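Written below as structure tokens is the structure these notes are about.
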Amino acid sequence: MGRGKLAVLSDVHSNLEALRAVLQEVERQKAERVLFLGDAVGYGPEPEECVQLLRQVSEVMIAGNHDWAVVGLTSVEYFNENARRAVEWTELVLSPETKAFLRGLPPSRALPREDILLCHGSPKDPQAWLYILSLEDAERAFYNFEERLCLVGHSHVPFVVEMTGDRNLIVHSGRTRMREGSRYLVNAGSVGQPRDGDPRACLVIIEEDVIEVCRVEYDFRRTQAKILRQGLPEALAERLGYGR
Ligand code: ZN
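In our numbering, the protein residues as written are 57 to 300.
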């Protein structure tokens, strides 16, 4: 398809250790283009550094609900207590320039030449930040995009779902070869706060017709120490050790 080797990153959540480890993997795998699916900030201890690094390396960035929350574009009404505390702290430490940048990010973006749609939540109303948690949610999502490939984040759980030409759904894991006539919905998982029980950072690599979910070890203890040092909620540090 001639789109080059893509690295798809999502939900970094101010975790610079995890982001650096993932970018090393991007380099090791010689991926030429980085696409970022939102939530650069929130939860973690190094929001400014993460946004700046992502801006350097990403070809395309979209917003997540946390990115919009820290600049007042999304209400924190539906955020839990810990998430809200982290949003408030992030608001205090971000530079005005970085806030202006986050404010300008869209919640979805189409790449027509590559036949790809990027969305933080569901393509069904991207600004509503809907989660795709079940096969039913995934099926509904397929009826809200036309592209061959829709890349999402938000739930922090990676998956690859195929919809065949006759509208059957197939769930894949690990490495998936895309077939003619099928469309794909891919969740890139989370770089900085995985929730599928695997604490390793997650990213997706797409080369020609192969989609691969990759995991990368990083020193989560360093991120945990920084979270505590900043006075952020302890639970936000703990969960990194479990991948929950
Ligand atoms: Zn997130």
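In this text, a Cβ means the ideal position worked out from N, Cα and C, and glycines have one as well. None of these values were measured; they are calculated from a predicted model.
Distance check for LEU288 and TRP145, CA to CA, integer angstroms please. 8 Å
May I ask you to list the residues that DSSP assigns as paired with ASN243? VAL208 and PHE215
With distances taken from CA atoms, which of GLU192, HIS210, ILE226 and ASN243 is nearest GLY98? Checked all of GLU192, HIS210, ILE226 and ASN243; the closest Cα to GLY98 is HIS210.
How is VAL127 classed by DSSP in three states: helix, strand or coil? DSSP places VAL127 outside both helix and strand once states are collapsed to three, so it counts as coil.
Within 10 Å of its beta-carbon, does GLU133 have 16 or more other beta-carbons around it, so buried, or fewer, so exposed? exposed
Using 8 Å as the cut-off, can you tell me whether the segment 151-159 makes contact with the segment 169-177, which would need three or more C-beta pairs spanning the two stretches below that distance? no
Distance between beta carbons of SER178 and VAL216, contact taken as under 8 Å: No, VAL216 and SER178 are not in contact; Cβ-Cβ is about 16 Å, not under 8 Å.
Measure the C-alpha to C-alpha separation of ILE262 and GLY120 and round it to an integer number of angstroms. 22 Å
Rank ARG271, GLY253 and PHE276 by C-alpha distance to the C-alpha of ALA63 and give the top, closest one. ARG271
Beta strand (DSSP E) containing LEU292: first to last residue? Looking at the DSSP string, LEU292 is not in any beta strand (DSSP E); the run it does join, the alpha helix (DSSP H), is 290-298.
What are the start and end residues of the beta strand (DSSP E) that includes ARG271? Where ARG271 is concerned, the enclosing beta strand (DSSP E) stretches over 266-272.
Can you tell me which of the three DSSP states ALA63 falls into? strand
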